[in-house]
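S.K.: So for the sequence shown, my numbering puts the first residue at 1; every next one is plus one. From the three backbone atoms N, C-alpha and C, an ideal C-beta is built for every residue, glycine too.
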Amino acid sequence: MNQIIKNIEAAQLKAEVTDFNVGDTIKVYAKVKEGNRERTQVFEGTVLKRQNGGARETFTVRKNSNGVGVEKTWPLHSPIVEKIEIVRRGKVRRAKLNYLRKRVGKAAKVKELVR
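Structural data, given as structure tokens:
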């Protein structure tokens, strides 16, 4: 039974996934359905965490909108997520950046990774 589940999940995976890490600032192009129309909406923010792996992998992005923190979590291999574009790489030493939730303004910035 375990092998059957693995085969089903392998069929759900996307062929190409953008390589991004926690702390990176990314743009997520997501499909939004409004009535009978479908459009693409861009959500730009910092990656707080990546969870699980395989077909169940999710990532959380946080941005500040009009002084209010907004977080969204997407499945990585979801057909709703059209593409992920990296704006800048972040230099962090944590796997999950939950401490950014308490910070505002410049304190909530992540240093840029210089390669």
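Leaving out five residues before and five after Q12 in sequence, what residues of the same chain have Cβ atoms less than 7 angstroms from its Cβ?
M.R.: Translated into positions along the sequence shown, residue 12 becomes position 12. Counting only Cβ-Cβ distances below 7 angstroms, and skipping sequence neighbours, we find A55, H77.
S.K.: Let me check understanding here. Comparing Cα to Cα, which of N2, D24, G53, V42 lies closest to K14?
M.R.: Translated into the one-based positions of the sequence shown, residue 14 becomes position 14. For the residues N2, D24, G53, V42, the minimum Cα distance to K14 belongs to G53.
S.K.: In whole angstroms, what separates the C-alpha of K102 from that of A108?
M.R.: Position 102 of the sequence shown holds residue 102. Position 108 of the sequence shown holds residue 108. Roughly 8 angstroms between the two C-alpha positions.
S.K.: Are the Cβ atoms of V47 and D19 separated by less than 7 angstroms?
M.R.: Position 47 of the sequence shown, counted from the first residue, corresponds to residue 47. Position 19 of the sequence shown, counted from the first residue, corresponds to residue 19. No.
S.K.: Whole angstroms is fine: what's the gap from G90's alpha carbon to R115's?
M.R.: Sequence index remark: in the sequence shown, residue 90 carries index 90 (1-based). Sequence index remark: in the sequence shown, residue 115 carries index 115 (1-based). One C-alpha to the other measures close to 11 angstroms.
S.K.: Straight-line CA distance for N66 to K96?
M.R.: Sequence index remark: in the sequence shown, residue 66 carries index 66 (1-based). Sequence index remark: in the sequence shown, residue 96 carries index 96 (1-based). For N66 and K96, the distance between alpha carbons rounds to 24 angstroms.
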